[in-house]
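See below for the structure under consideration.
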Amino acid sequence: MVVSPFEERYRTEMNSVFDEKNKLRKWMEVEVALAKVHASMGTIPKDTPDKIAEGMDKVSVERVHEIEAEIHHDLMAMVKALSEQSGDAGKYVHLGSTSYDIEDTATALMFVEAIEILEGHLNELAKVLKKLALEHKKTVCIGRTHGQHATPTTYGLKFAIYYRELKRNLERLREAKERIAVGKMSGATGTMATFEGKGMKIQEMVMKELGLKPAKTSNQVIQRDRHAEVMFALALVAALLEKIAKEMRNLQRSEILEISEPFGKKQVGSSTMPHKRNPHKCERVCSLARVVKANVQVALENIPLEHERDLTNSANERIIFPESFITTDYMTKQMTMILDGLQFFPENIKKNLELSKGLIMAERLMIELTKKGMGRQEAHELVRTMAQESFKSGKHLKDVAIEKKAISEKEADEIFNPATYIGEAEKIVENALKE
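If you read the sequence shown in this note's numbering, its first letter stands for residue 1126, the second for the next number, and so on.
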């Protein structure tokens, strides 16, 4: 029976990075790399690495679990299983290393693999955001601050803002990938004592073999600030996806309904209310974001381990690492699908622009009055009182302004046209999309 929703409901190709088979494979790849370095230095017979590599293909997850059930040590269970399959070369498996030389180095390999998968999916999302920003750079809509109608903006600008934030998150992920792509061969307390003066060279050569950088200093573990940085980078991605989803949800409200997430022909919105078109995909993204953000706190708690290390990070990392990567990847793919099929309702966009009866153009009216020689503060106060009158009476602000002889009827048409009051929104969008 599957317990975790990440095994089925929220599964992506990211699962294959963190499953037991791949983790075991990465552990053994590090063991083989260590054997290659030993062989090149004449510490062990030259044919040893090939024999261990051949044995690696014969080791099963089931056998490792069987040994672990007896000895209660997962890494050593792998060492024993690999030794069994490596013939006379088995006695050289794990020579000079400690468990976390293998585990933390393998974790770095898995993180790099996982980040590269996520980067690919985020770049797909970036393409969709860029497309929407270009298509809707002239789609004028009402901007909202504090939940209230403010001044006109464009949908293109909304999507351009998300696009630039996504690009920043990709930069952060690349930087975090560089800092997590390190491994170690430093032994029980980081002194490399078991390698008898060859530790620095062995560590450097093993990491070169694996495509990683050697950690300049470590104790029994790679320091957890590196892992916490990755978790935080994932949380920032999740926060952006939540931010987009929340905006989509709010704009899909029945009384607003300017846009809507895709809704299939046979899709059911409610088990009792047949009319419902709930934004459940966006709500799911918002829900899952909370998990990724919460995991950052756990990762931060893992940084201050006791002395040269304790084991308080180990158990929770088995949860937070795969959970954060899989969740963020799933959310990214979901948001790409949502935005790619996003529905627009132009008539409602226009209706909402006109809803306040011209109050959204009060700022522009104030600016126009200053052009006529009125002081800025005086103009602000006059427009404020006219806006209050418009709100109370239900009259259009344009009509109130004409009645007060603040502007002429000819001037009013231009001043109260939202489409001509979007400033440099189009240019901002175009500049934002330039690489």
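No residue lacks a Cβ here, since even glycine has one placed at the ideal position from N, Cα and C. Just so it is clear, the structure is predicted and the values come from calculations on it, not from any experiment.
### Query
Pairing CB atoms from the segment 1289-1296 with CB atoms from the segment 1239-1250, are three or more of them under 8 Å?
Here the segment 1289-1296 lies against the segment 1239-1250, with 3 or more beta-carbon pairs under 8 Å apart.
### Query
Which partner residues of R1269 appear in the DSSP bridge assignment?
Numbered from 1 along the sequence shown, position 144 holds the residue referred to as residue 1269. DSSP, once it has assigned bridges, lists H1274 as partnering R1269.
### Message
Could you pull the DSSP bridge partners for V1423 from this structure?
### Response
The count along the sequence shown starts at 1 and reaches residue 1423 at position 298. According to DSSP, V1423 bridges with nothing at all.
#### Entry: Best match in L1149, M1139, V1355 for proximity to E1303 [C-alpha to C-alpha]
Mapped onto the sequence shown, residue 1303 falls at position 178. Minimum Cα distance to E1303 is reached at V1355.
### Three-pair Cβ contact test at 8 Å for the segment 1348-1366 versus the segment 1415-1427
Enough Cβ pairs lie closer than 8 Å, so yes.
### Task
Report the three-state DSSP secondary structure of I1384 (helix, strand or coil).
By one-based count along the sequence shown, residue 1384 stands at place 259. DSSP places I1384 in strand when its eight states are reduced to three.
### Query
Is the segment 1468-1477 in contact with the segment 1370-1390, if contact means three or more CB pairs nearer than 8 Å?
Touching, yes.
### Task
Mind checking which residues open and close the alpha helix (DSSP H) that includes F1541?
Here residue 1541 is taken as the residue at index 416 of the sequence shown, counted from 1. Segment: none, F1541 is in no alpha helix (DSSP H) and carries neither H nor E.
#### Entry: Continuous alpha helix (DSSP H) stretch holding R1489: start and end
As a working mapping, residue 1489 is identified with position 364 in the sequence shown. Going by DSSP, R1489 is part of the alpha helix (DSSP H) stretching over 1487-1496.
### Task
Could you say if the segment 1170-1180 and the segment 1197-1212 meet the contact criterion of at least three C-beta pairs nearer than 8 Å?
Yes, they touch.
### Task
Find the nearest neighbour of G1308 within the set K1326, M1332, Y1287, judged by alpha-carbon distance.
In the sequence shown, counting from the first residue as 1, residue 1308 sits at position 183. Among K1326, M1332, Y1287, the Cα nearest to that of G1308 is on M1332.
### Query
Would DSSP call G1548 helix, strand or coil?
Along the sequence shown, read from residue 1 onward, the residue named residue 1548 stands at position 423. DSSP places G1548 in coil when its eight states are reduced to three.
### Message
Given this structure, state the Cα-to-Cα distance separating H1228 from L1295, to the nearest angstrom.
### Response
The residue you call residue 1228 lines up with position 103 of the sequence shown. The residue you call residue 1295 lines up with position 170 of the sequence shown. Correcting the residue type first, residue 1228 is Glu in the shown sequence and not His. Taking the straight line joining both Cα atoms gives about 27 Å.
#### Entry: Buried versus exposed, by CB contacts within 10 Å (16 or more), E1260
The sequence position of residue 1260 within the sequence shown is 135, counting from 1. Per the 10 Å Cβ criterion, exposed.
### Query
Is it a yes or a no for the segment 1547-1560 touching the segment 1527-1534, going by three-plus beta-carbon pairs under 8 Å?
Three or more Cβ pairs closer than 8 Å define a contact, and the segment 1547-1560 falls short of that threshold against the segment 1527-1534.
### Task
Pick out the complete alpha helix (DSSP H) segments inside the segment 1133-1213, 4 residues or longer, and give them in chain order.
The DSSP assignment places 1140-1143, 1145-1165, 1173-1181, 1186-1196, 1199-1209 as complete runs of the alpha helix (DSSP H) inside the segment 1133-1213, in order along the chain (cut-off: 4 residues).
### Query
Under three-state DSSP, which class holds Q1377?
For the purposes of this step, residue 1377 is identified with residue 252 of the sequence shown, where counting begins at 1. In this structure, Q1377 counts as coil in the three-state DSSP scheme.
#### Entry: Residue environment, H1163, which counts as buried when at least 16 other CB atoms sit within 10 Å
Along the sequence shown, one-based indexing puts residue 1163 at 38. Under the 10 Å beta carbon count, H1163 is surrounded by 16 or more other beta carbons and is classified as buried.
### Task
Reducing DSSP to helix, strand and coil, say where T1279 ends up.
As a first step, residue 1279 is located in the sequence shown; it is residue number 154 there, counting from the start. T1279: strand per DSSP, three-state reduction.
### Query
Should K1338 and A1301 be called a contact, given that it needs their Cβ atoms to be closer than 8 Å?
Translated into positions along the sequence shown, residue 1338 becomes position 213. Translated into positions along the sequence shown, residue 1301 becomes position 176. No, the Cβ-Cβ distance between K1338 and A1301 is not below 8 Å.
### Task
Put V1417 into one of helix, strand or coil per three-state DSSP.
For the purposes of this step, residue 1417 is taken as residue 292 along the sequence shown, with counting starting at 1. Note: V1417 maps to helix in three-state DSSP.
### Segment limits, alpha helix (DSSP H) that includes F1450
Counting from 1 along the sequence shown, the entry for residue 1450 is found at position 325. That run of the alpha helix (DSSP H) goes 1439-1465.
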